[in-house]
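This report refers to the structure that appears directly beneath it.
Number of protein chains: 2
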Amino acid sequence: MGRRARKAAPLGIVLQSGGSLHRQIWQQLRAAILERRLAPGLRLPSSRLMADELACARGTVLTALDQLIAEGYLVTRAGSGVSVAADLPDEMLVPPRSDALRAEIATTEPILPRRTRALLAREPSPVPAGEPPIAFPIGQPDRTAFPFPLWAKLLEQEWRKPAWPVAGAAYPFGHPGLRAAIASYLGESRGFACGSRAVVVTSGVRQSVALLARVALEAGDDVWIEEPGYPGMAASLAAAQVCAVPVPIDASGFSTDAAMAMAPNARLAVVAPSHQFPLGTILTLQRRLALLSWAERTQGWIAEDDFDGEYRYSGRPLAPLRALDRSGRVAYLGSFSKLLFPALRLSFLVLPVSLVDATERVLPSISTPAPLLGQGALARFIADGHLAAHLRRTRLLYAGRQQTLVAAVERHLAGLLDIAPDSGGMHLVARPHPDFAPGFDDVAAAAAARAAGVEVSPLSPCYGAVPGRQGFLLGYAGVPESEIEPAVTRLRNALTSSKHEYISPSP
Amino acid sequence: MGRRARKAAPLGIVLQSGGSLHRQIWQQLRAAILERRLAPGLRLPSSRLMADELACARGTVLTALDQLIAEGYLVTRAGSGVSVAADLPDEMLVPPRSDALRAEIATTEPILPRRTRALLAREPSPVPAGEPPIAFPIGQPDRTAFPFPLWAKLLEQEWRKPAWPVAGAAYPFGHPGLRAAIASYLGESRGFACGSRAVVVTSGVRQSVALLARVALEAGDDVWIEEPGYPGMAASLAAAQVCAVPVPIDASGFSTDAAMAMAPNARLAVVAPSHQFPLGTILTLQRRLALLSWAERTQGWIAEDDFDGEYRYSGRPLAPLRALDRSGRVAYLGSFSKLLFPALRLSFLVLPVSLVDATERVLPSISTPAPLLGQGALARFIADGHLAAHLRRTRLLYAGRQQTLVAAVERHLAGLLDIAPDSGGMHLVARPHPDFAPGFDDVAAAAAARAAGVEVSPLSPCYGAVPGRQGFLLGYAGVPESEIEPAVTRLRNALTSSKHEYISPSP
Chain A
0 MGRRARKAAP LGIVLQSGGS LHRQIWQQLR AAILERRLAP GLRLPSSRLM ADELACARGT
60 VLTALDQLIA EGYLVTRAGS GVSVAADLPD EMLVPPRSDA LRAEIATTEP ILPRRTRALL
120 AREPSPVPAG EPPIAFPIGQ PDRTAFPFPL WAKLLEQEWR KPAWPVAGAA YPFGHPGLRA
180 AIASYLGESR GFACGSRAVV VTSGVRQSVA LLARVALEAG DDVWIEEPGY PGMAASLAAA
240 QVCAVPVPID ASGFSTDAAM AMAPNARLAV VAPSHQFPLG TILTLQRRLA LLSWAERTQG
300 WIAEDDFDGE YRYSGRPLAP LRALDRSGRV AYLGSFSKLL FPALRLSFLV LPVSLVDATE
360 RVLPSISTPA PLLGQGALAR FIADGHLAAH LRRTRLLYAG RQQTLVAAVE RHLAGLLDIA
420 PDSGGMHLVA RPHPDFAPGF DDVAAAAAAR AAGVEVSPLS PCYGAVPGRQ GFLLGYAGVP
480 ESEIEPAVTR LRNALTSSKH EYISPSP
Chain S
0 MGRRARKAAP LGIVLQSGGS LHRQIWQQLR AAILERRLAP GLRLPSSRLM ADELACARGT
60 VLTALDQLIA EGYLVTRAGS GVSVAADLPD EMLVPPRSDA LRAEIATTEP ILPRRTRALL
120 AREPSPVPAG EPPIAFPIGQ PDRTAFPFPL WAKLLEQEWR KPAWPVAGAA YPFGHPGLRA
180 AIASYLGESR GFACGSRAVV VTSGVRQSVA LLARVALEAG DDVWIEEPGY PGMAASLAAA
240 QVCAVPVPID ASGFSTDAAM AMAPNARLAV VAPSHQFPLG TILTLQRRLA LLSWAERTQG
300 WIAEDDFDGE YRYSGRPLAP LRALDRSGRV AYLGSFSKLL FPALRLSFLV LPVSLVDATE
360 RVLPSISTPA PLLGQGALAR FIADGHLAAH LRRTRLLYAG RQQTLVAAVE RHLAGLLDIA
420 PDSGGMHLVA RPHPDFAPGF DDVAAAAAAR AAGVEVSPLS PCYGAVPGRQ GFLLGYAGVP
480 ESEIEPAVTR LRNALTSSKH EYISPSP
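Here the protein sequences line up with chains A and S, keeping their order.
For what it's worth, numbering that gives the first Met the number 0 labels the leading residue of the first sequence as 0, then goes sequentially.
For what it's worth, numbering that gives the first Met the number 0 labels the leading residue of the second sequence as 0, then goes sequentially.
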């Protein structure tokens, strides 16, 4: 038995070797008081006596007692030594829960509020642990093309000896160097000039849209969004207290006429003209000009989400709305997370110039700044030309993957899924073949595919209230060339072997 | 004149040397169409003819024409060559704004919505550029104590060759390594065990509170918050659709009895027991146990904000509520931004165990994940003992600065401001001396101080609707020892020379 393992000490204290002695005394006395083994008002032995009994220094005992006095468990009065506090609330002075009871707390579902239960009911069941799916996640860039060693070096250089204004401030608008690099990059690659003061760094496209709505719109204003579109966009707009009005797109993209018929007083249009999400439609020039004309005429605003604008494999990118805008009504939105790597979580918003001054002043009170940690390194990455080089490399890579995916689907999924090439983007839309389509449920089919190890995203949740069209989104950008065909054959096997799970019988 | 500067080309195109030729043709033709110099329906000369006139390769002209066809400015019909599109909206076909007009757009204040104008009216005027204030910002740690070179090395190691699951995922709960490091650190330093699954990494204390409210409470539920407290807390709770009820604290801190009298059906209490913000009050043990008893009895929740819990200069930290909690009702909140450096923007929330499963499933749809970029490096920083070492160093540093500040205020501001030492924290509260207090307006006085180059935060805005108490918060942690006394004398000069600006005459 070690020198410090003693039994039968006063007050039931047992000191173990290892760990600080005063901490052990403090913890055990506190437990004894809370468990009522030491009654309220009880006077404790003198510190000298306790130290003798415990065979430790008197200072050790005093340290523990001082802490318990400071915490209110013990009280001290001149001439009467130290006693257990008399005014501890009765109902707390009961034995602590046993480990078994603690485990019960941990596993009992608490009475959750209705709104959380409603959310739970909408969530898919937790995915069983196992092999991660091999393909086709959307929004994922290639896993190996990004130059992480260079990125790590830029981070190291940025943080080795940062200026305190960088390390110590929140920068609601983002790192000044990054704002300047984005402005200059847009001038070169997207053909419009903007000052860096108009650039706000955000942590996502939805945050960009919500921020614009918060500054430019009145609470309750209508906002046109594309249908189908991002599943979360309506919720982000609701958080800015404006009302999303989904406008069905057609083969030419978003139609201002259709939108006017649905919500004539809308004050903002959220559109993705270069490559609509999820369908990939390109907004025609006529439609672009009609939308700009609406904005100029009504002093409305346009949020131009340049989704996938960087990835075009045939033809050149069309001029963005912002480059055609003559009256300062267009906010331009971009994101780096899908171009570089998702954990980066940096996007940006180019404000209409007339909103810059007001936004600068109100931003700190309406928005959480984007994380600053990677912004300086990203500024260098862009300014030194690495972004342009990375986009050139991945454009070739993704164009090849898209071709491989189209060929594999046509070869292995004929009669099940129809697919068509797209002039741009990072995913394709596959639709059930007409023979196969009746009763097709894309959400259930995606679950069957996931169970077989292939991740496909159902199309119908991109529609709001209306019953959406059925299909899959197949992200190919992040899937190595060699994994595409095996994943497609696995998808075929999953779809053919489990039809009863996702095809409802004809009525 | 260079070989490529030619005049009198067809269609008004003038090619300049430098810059790609097909881009110049494309831009100038587009402008000519939009400015109606080329009328809708007009047939263009053949590409061969244009190439001859411009003395460039025919392929160059074709590239430009193809782009304009793809964009919809030009149309092509078999046998009839290329024409300007006939269906461009009339109202867009006007000359573009001149530069002067563009500048006018930039400077004209747009018609902002009422809610943005209301925000603007509440914001202080932009601070005039000049010397940054020398002291006393709140929430700022020391500028030089943090080991940035080590931090940069950890970042570099983390990102040199990251596992793709780290770089490619959003991690709604945070980096697994950081969650484990936080759980282990809390066990050692704050005396309670928690599994890493209960730890959620967030980007701020307000986000932590909002997240808890969103999962655990029904929309419209009452939430007790401390009065005075964080200015933004009520707004964060409102964003989670619950109602903040400010409960005035007294010398013992938050009172459950007072809170019950104000809002008996509250479902959550947000408290800072270790060092109340902004007053520094320590919640007594009796009050802690009474609050825990309320939570157990009513199945209510407690959000324990351990603000400044790491910085105690006398006595040892009291046991947090979470360590006393026997029924799993306490969520524990901490932050690294004030301990290390503000740009880090990483905080955490330890969930009550019974909420872990539900939160894991609903989190991705209700919350933006905290930035991942620094989380791996922070995990290493904590696990390797650097956090504990940094806290030991800065604790000594800050304790010294607090003493210096108290001495300087007593020496130079006697009769103007009263100050008392605090057993912990990173700021002190200074109140107007009784002789000086009548008519004192802390917001106006802080503005006068800032104009003189000293930053002090007014106390009264920490109160909600009720007229708050007057005073200043003086952050000392981030102010080098040698700057404290000069800043205090500068503050004295500002306060004595501008009394008319912030003391209203007696009625």
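Cβ atoms here follow ideal geometry from the backbone N, Cα and C, with glycine treated the same way.
Roughly how many angstroms separate the alpha carbons of Q206 of chain A and E359 of chain A, rounded to a whole number?
Approximately 16 Å between the Cα atoms of the pair.
Would you mind telling me which residues of chain S sit closer than 8 Å to S456 of chain A, beta carbon to beta carbon, in chain order?
The contacting residues do not exist; S456 of chain A stays about 14 Å from chain S at best.
Can you give me the Cβ contacts of H274 of chain A inside the same chain, cut-off strictly under 7 Å, excluding the 5 residues immediately before and after it?
I281, F306, D307, G308, G423, G424
F253 of chain S, DSSP secondary structure in three states:
Three-state DSSP puts F253 of chain S in coil, outside helix and strand.
Distance check for G190 of chain A and P200 of chain A, CA to CA, integer angstroms please.
It should be pointed out that residue 200 of chain A corresponds to Val in this sequence rather than to Pro. Between V200 of chain A and G190 of chain A, the C-alpha separation is close to 20 Å.
Contiguous beta strand (DSSP E) assignments of at least 3 residues, all confined to the region 164–206 of chain S:
198–201
Which one or two residues does DSSP pair with C242 of chain S in a beta bridge?
By DSSP's assignment, C242 of chain S forms a beta bridge with S:D221.
Contact between the region 153–166 of chain S and the region 144–162 of chain A: three or more CB pairs below 8 Å?
yes
Helix, strand or coil for Y331 of chain S? Go by DSSP, reduced to three states.
strand
Taking only the alpha-carbon atoms, compute the straight-line gap between P94 of chain S and A192 of chain A and give it to the nearest angstrom.
Any reading at P94 of chain S must be qualified, since the residue scores a pLDDT of 44, below 50, and its modelled position is unreliable; no value is offered.
Start and end of the beta strand (DSSP E) containing D305 of chain A?
Note, D305 of chain A: premise wrong, no beta strand (DSSP E); not H, not E.
Please classify A250 of chain A: is it buried, with 16 or more other beta-carbons within 10 angstroms of its beta-carbon, or exposed?
exposed
Can R507 of chain S and G80 of chain S be called in contact, C-beta distance under 7 Å?
As displayed, chain S neither begins before 0 nor continues past 506, which places residue 507 of chain S out of reach and without an answer.
Does the region 347–365 of chain A come close enough to the region 434–451 of chain A that 3 or more CB-CB pairs lie under 8 Å?
no
To which residues of the same chain is L490 of chain S closer than 6 Å at the C-beta, ignoring the five residues directly before and after it?
A448, V453
Assigned secondary structure, D441 of chain A (DSSP; H/G/I helix, E/B strand, else coil):
Correct three-state label for D441 of chain A: helix.
Measuring CB to CB, does T75 of chain A end up less than 7 Å from H21 of chain A?
no
Taking Cβ positions only, does E217 of chain A come closer than 7 Å to chain B?
The chain inventory of the structure shown lacks chain B, comprising the protein chains A and S.
Would you mind telling me which residues of chain S sit closer than 9 Å to S507 of chain A, beta carbon to beta carbon, in chain order?
The shown model of chain A, from 0 to 506, leaves out residue 507 of chain A, and the question about it has no answer.
List the residues of chain A whose Cβ lies closer than 8 Å to the Cβ of K152 of chain S, in chain order.
E155
In the DSSP assignment, find the unbroken alpha helix (DSSP H) run with G474 of chain A in it and report its ends.
Taken as a continuous stretch (DSSP letters only), G474 of chain A belongs to no alpha helix (DSSP H), being part of the beta strand (DSSP E) at 471–474.
For a contact defined as C-beta to C-beta under 7 Å, what are the partners of V214 of chain S on chain A?
T115
To the nearest angstrom, how far is it from the Cα of E34 of chain A to the Cα of R57 of chain A?
25 Å
Taking DSSP as the reference, what is the three-state secondary structure of G18 of chain A?
Reduced to three states, the DSSP call for G18 of chain A is coil.
Among S:V244, S:A120, S:V270, S:Y312, which has the Cα closest to the Cα of E303 of chain S?
S:V270
Using beta carbons (cut-off 7 Å, strictly below), is W223 of chain A in contact with chain S?
no
If you run the structure through DSSP and keep just helix, strand and coil, what is I502 of chain A?
strand
Could you tell me which residues DSSP puts in a beta bridge with L348 of chain S?
Residue pairing by DSSP puts L348 of chain S in a beta bridge opposite S:V199, S:L332.
With 7 Å set as the bound, which would you pick, yes or no: does the beta-carbon of V361 of chain S sit closer than that to a beta-carbon of chain A?
The beta-carbon of V361 of chain S is placed less than 7 Å from the nearest beta-carbon of chain A.
Given this structure, state the Cα-to-Cα distance separating E295 of chain A from E484 of chain A, to the nearest angstrom.
49 Å
For P272 of chain A and A212 of chain S, what's the separation of their Cα atoms in angstroms?
When the Cα atoms are used, P272 of chain A and A212 of chain S turn out to be separated by approximately 38 Å.
Chain A contact for R159 of chain S (CB, 7 Å cutoff):
yes
Taking 7 Å as the CB-CB cut-off, is L338 of chain S touching chain A?
no
In terms of residues, what are the limits of the alpha helix (DSSP H) holding V408 of chain S?
385–411
Using a 10 Å radius around the Cβ and a threshold of 16 neighbouring Cβ atoms, would you call H499 of chain A buried or exposed?
exposed
Rounded to a whole number of angstroms, what is the C-alpha to C-alpha distance between L416 of chain A and R430 of chain A?
If I take the Cα positions, the gap works out to 5 Å.
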